[in-house]
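Numbering (the numbering used here), first residue to last: 552 to 725.
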């Protein structure tokens, strides 16, 4: 299998695994539990807890996915440290986006299909940067040439998390 195909399939699998795993954070909460949460704490606390759990879960999904995928199809990655750093940063971004969209969808009809439809266009910029970064890690390109893309990914993660903290109180009140 060519490395380009290996890379693209890996990230597609990780995206859909995260949508199925991470995104259910608010969708599995009942109406009574949400009301209970609403009465005992601030929306930022709820978001922080869900976001922290989802970052850990997303990182775990991506790491285990990489190990299984590399075992089955081989491991063409040359620079493992940058590849694993990419997995970590992408997991933070995916968790932030999917947590926010899950909160929005939970106020609609709790539809998982709606979650996938709403989150995929928002996940796309992170996915494209992840594919480029991981291709560079597979090709063994010098780490100093990848720093710009890493800073881009860190910036996108920061924007996603800041936006989630700004918007979530409005979502929580509705």
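By construction, the Cβ of each residue, glycine as well, lies at the ideal position given by its N, Cα and C atoms.
Query, Result
"List the endpoints of the continuous alpha helix (DSSP H) containing residue 652.", "631-657"
"From residue 572 to residue 609, what distance separates their C-alpha atoms?", "8 Å"
"Since residue 720 is in the alpha helix (DSSP H), which residue starts that stretch and which ends it?", "694-724"
"Please classify residue 626: does DSSP put it in a helix, a strand, or coil?", "coil"
"Determine contact between the region 633-641 and the region 652-662, defined as no fewer than three beta-carbon pairs at a distance below 8 Å.", "no"
"In whole angstroms, what is the alpha-carbon distance linking residue 642 and residue 719?", "20 Å"
"Determine the burial state of residue 583: buried for a count of at least 16 other Cβ atoms within 10 Å of its Cβ, exposed for fewer.", "exposed"
"Suppose you measure from the CA of residue 566 to the CA of residue 704; what does that come to, to the nearest Å?", "16 Å"
"When the distance is taken between beta carbons, is residue 711 closer than 7 Å to residue 647?", "yes"
"Assuming residue 670 contacts residue 570 under a Cβ cut-off of 8 Å, what Cβ separation, rounded to an integer in Å, is found between them?", "6 Å"
"Nearest to residue 613 by alpha carbon, out of 601, 603, 640?", "640"
"Contact criterion: CB-CB distance below 7 Å. Does residue 698 meet it with respect to chain B?", "No chain B appears in this structure, which consists of one protein chain only."
"Please return the same chain residues whose Cβ sits closer than 6 Å to the Cβ of residue 723, not counting the five positions on each side in sequence.", "594"
"Are there 16 or more other CB atoms within 10 angstroms of the CB of residue 632, so buried, or fewer, so exposed?", "exposed"
"Which value, in whole angstroms, describes the spacing of the CA atoms of residue 684 and residue 701?", "7 Å"
"What is the DSSP secondary structure of residue 614, counted as helix, strand or coil?", "helix"
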